[in-house]
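Chains as they are written, first to last, in the numbering used here: chain A, 202 to 376; chain B, 5 to 176.
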């Protein structure tokens, strides 16, 4: 019975490996950067989950026939948990809601819309995002104009706009 | 096999309900409604197997043991959270998405570097998000000013604590 419980909790244990390794590697090896740290430690967690799933299923004759389904279930569950963690980190790095709430935390008093706007430099935030896109090769600058570079962000953007259209019937929240 | 099968069934049935409801009438709080739909479907699947037994499902493998139920629960929770996170990008326009879309639409001509500054107004960057935070009950408006609710304090505490653990400056 105990081995089946371990099998069930493997995605969560894999996530724990990923999170701890991410915090330790990011703090310990600054030049690694957040994105590389997230990718490498996600892979470490995935390998841990896969190896443990295979070992547990092969150790118990009753579970041998279930090896492939458990590999798929634990792989998808771990992948989804890793995706959740990636977005949690991404929210901390790029999202406006935590940033705006952080301004309230620092101010320790009610803020008007003007107060918030004064503390949040939109033009700077646009420049930061443009730099991120240029540095990652998603957009390229030629003769004072921007063009699409690597198409990854473009595909993600098209998928998001397609889903907006399918689920909400509009391409933009401002339509 | 049972975990994978019933996990997929929860995903397909939950998404079908979500799709139909969204085309009848949009809920006021989308993420809350999505959580209720998917977790409600998950609980309904478990309850049907628990109370009605295996015979109802015509020979399909069922979740017989508690570890299988736990595995099913972890599988569903992980996938539903992943969908909810993805859904937040459908609800709002991210500045990066707006920029990439505009550059793509400018085609072979490209988008002048200076045009980027005018793409997203302060109102889009700040006011809409503040109103979203009020809708989600993280901020409350009183006499023309906004203050954090206990829910908002918990929200920012989680992010701020983790940010400090990583030793990063505030983003956004």
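No residue lacks a Cβ here, since even glycine has one placed at the ideal position from N, Cα and C.
Asked                                                                                                                                        : Found
Exposure of residue 100 of chain B, with buried meaning 16 or more beta-carbon neighbours within 10 Å                                        : buried
Close beta carbons around residue 11 of chain B, own chain, < 8 Å, minus the five adjacent residues each side                                : 76, 79, 80, 83
Residue 116 of chain B (DSSP reduced to helix, strand or coil)                                                                               : strand
Exposure label - residue 252 of chain A; buried when at least 16 CB within 10 Å                                                              : exposed
Same chain only: Cβ atoms within 7 Å of residue 320 of chain A, ignoring 5 sequence neighbours per side                                      : 304
Residue 340 of chain A versus residue 350 of chain A: straight-line alpha-carbon distance, rounded                                           : 4 Å
is_contact[residue 105 of chain B, chain A] using C-beta, thresh 8 Å                                                                         : yes
Contact check, residue 306 of chain A vs residue 38 of chain B, beta carbons under 8 Å                                                       : no
Nearest candidate by alpha-carbon position, reference residue 227 of chain A, set A/203, A/322, A/242, A/366                                 : A/242
Whole-angstrom C-beta distance between residue 215 of chain A and residue 193 of chain A, which should lie under 8 Å                         : This structure leaves residue 193 of chain A out entirely; chain A is present only between 202 and 376.
Residue 121 of chain B burial status per 10 Å Cβ neighbour count (16 or more: buried)                                                        : exposed
Cutoff 8 Å: residue 26 of chain B Cβ touching any chain A Cβ                                                                                 : yes
Beta-bridge partners of residue 143 of chain B, as assigned by DSSP                                                                          : B/152
Exposed unless 16 or more other CB atoms sit within 10 angstroms - verdict on residue 69 of chain B                                          : exposed
Chain-order list of residues whose beta-carbon lies under 6 Å from that of residue 272 of chain A (same chain, five-residue window excluded) : 254
Whether residue 134 of chain B touches residue 143 of chain B by CB criterion (8 Å)                                                          : yes
Buried or exposed by the 16-neighbour rule on C-beta atoms within 10 Å, applied to residue 290 of chain A                                    : buried
Residue interval of the beta strand (DSSP E) (run including residue 124 of chain B)                                                          : Unbroken run through residue 124 of chain B: none, as it is neither H nor E.
Touch test, the segment 48-55 of chain B against the segment 317-334 of chain A, Cβ-Cβ under 8 Å, three pairs minimum                        : no
Amino acids of chain B, ordered along the chain, whose beta-carbon sits closer than 7 Å to that of residue 336 of chain A                    : Those do not exist, as residue 336 of chain A stays about 13 Å from chain B at its closest Cβ, beyond 7 Å.
Anticipated Cβ contact below 8 Å, residue 107 of chain B with residue 347 of chain A, distance rounded                                       : 5 Å
Simplified DSSP state of residue 342 of chain A, which is helix, strand or coil                                                              : strand
Run of the alpha helix (DSSP H) containing residue 230 of chain A, from where it starts to where it stops                                    : Element bounds for residue 230 of chain A: n/a, residue is neither H nor E.
Residue 41 of chain B vs residue 15 of chain B beta-carbon contact at 8 Å                                                                    : no
Contact check, residue 354 of chain A vs residue 94 of chain B, beta carbons under 8 Å                                                       : no
Element boundaries [alpha helix (DSSP H), containing residue 49 of chain B]                                                                  : 34-56
Same chain, Cβ closer than 7 Å to residue 292 of chain A, neighbours up to 5 away in sequence not counted                                    : 299
Interface residues of the segment 209-237 of chain A facing chain B [CB-CB below 8 Å]                                                        : 209, 210, 212, 213, 224, 227, 228, 235
C-beta contact flag for residue 294 of chain A and residue 276 of chain A at 8 Å                                                             : no
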